[in-house]
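These notes are about the structure you will find just below.
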Amino acid sequence: MEYNLGILISGNGSNMLNIIEATKKKLIKSKVATVISNNPMALGIKRASEKGVDVKIINQNQYSNIFDFENSLSNYLLKKKVDLICLAGFMKVLSKDFVKKWNNKIINIHPSLLPAFKGLNTHERAIRKKVKFSGCTVHFVNKNIDSGKIIDQELVRVLKSDDAGSLQKKILMKEHKLYIRVLKYLETKNE
Ligand code: GAR
């Protein structure tokens, strides 16, 4: 199966860049149909444009409600014939309606070993709890935050010397590896 990926970002876009690189190096069969940012200031917008992929800003602040925002999002994804939405540092919670419309077609990367540390500030909370391991998870998106079916995870050992910053860096490197492994898995699973 070769997907037309729609990558949704809000910030730096390192996962997004890594997916673009994987398509260019043919590590995965899928293609990046579009990169969409809900944040007009996201660094990832410039980074994606430099790679020559389609980039679209859909700024939620320019819509009076979430339904209009998500309608624009859906319409653009349909226009680009996207069949798998990859959330990659997309920091807006999608509504139940949107998730239902794209049922089983949205995956997300989260910087913890779900179901531990759902939501924000995962690394700070992992350090505070003195966990021995943390990591990252790719999961299908359902109507509850960070709760959909887990596809795969990568583990990171948390050292006594780690702080939230060092843990974030270590996990981000694992995220890049994990996202590509998951895309490869989905491509072969749905062949
Ligand atoms: C990543 O660590 C990702 O797991 C996290 O945001 C970062 C984005 O980095 N996502 C979430 O916290 C989603 N709740 P990137 O923009 O460099 O890919």
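Under the numbering used here, residues 2 to 192 are what the sequence shown spells out, in order.
Where a beta carbon is used, it is the ideal one built from N, C-alpha and C, also for glycine.
Since we're looking at a predicted model, the values are computed, not measured.
Practice task
Assign P112 to buried or exposed, taking buried as 16 or more other Cβ atoms, counted over all protein chains shown, within 10 Å of its Cβ.
Solution key: buried
Practice task
Please indicate yes or no: does the CB of S15 lie closer than 7 Å to some heavy atom of the ligand GAR?
Solution key: yes
Exercise for the section: Starting from G7, follow the beta strand (DSSP E) in both directions and report where the run begins and ends. Expected result: N5 to I10
Problem - Residues of its chain near K171, where Cβ-Cβ distance is below 6 Å and the 5 sequence neighbours each way are ignored - result: V157
Exercise for the section: Check whether the Cβ of E176 lies closer than 7 Å to any heavy atom of the ligand GAR, and answer yes or no. Expected result: yes
Exercise for the section: Could you spell out the range, first to last residue, of the beta strand (DSSP E) harbouring D153? Expected result: I151 to R158
Exercise for the section: Measure the C-alpha to C-alpha separation of K80 and L114 and round it to an integer number of angstroms. Expected result: 34 Å
Problem - C-beta atoms of R126 and F118 nearer than 8 Å - result: yes
Problem - Any non-hydrogen atom of the ligand GAR within 7 Å of A49 CB - result: no
Practice task
Keeping to the same chain, check which residues put their C-beta closer than 8 Å to that of D98; ignore five residues upstream and five downstream.
Solution key: F68 and E71
Practice task
Please indicate yes or no: does the CB of H111 lie closer than 7 Å to some heavy atom of the ligand GAR?
Solution key: yes
Problem - Three-state secondary structure assigned by DSSP to S167 - result: helix
Practice task
Reducing DSSP to helix, strand and coil, say where N62 ends up.
Solution key: helix
Handout entry: Any C-beta of chain B under 8 Å from that of E22
Key = No chain B is present in this structure, which holds just one protein chain.
Practice task
Tell me whether the beta-carbon of I59 lies closer than 8 Å to the beta-carbon of V36.
Solution key: no
Handout entry: Helix, strand or coil at A117 according to DSSP, with G and I counted as helix
Key = coil
Practice task
Using only the heavy atoms of the ligand GAR, determine whether one of them is closer than 7 Å to the beta carbon of L173.
Solution key: yes
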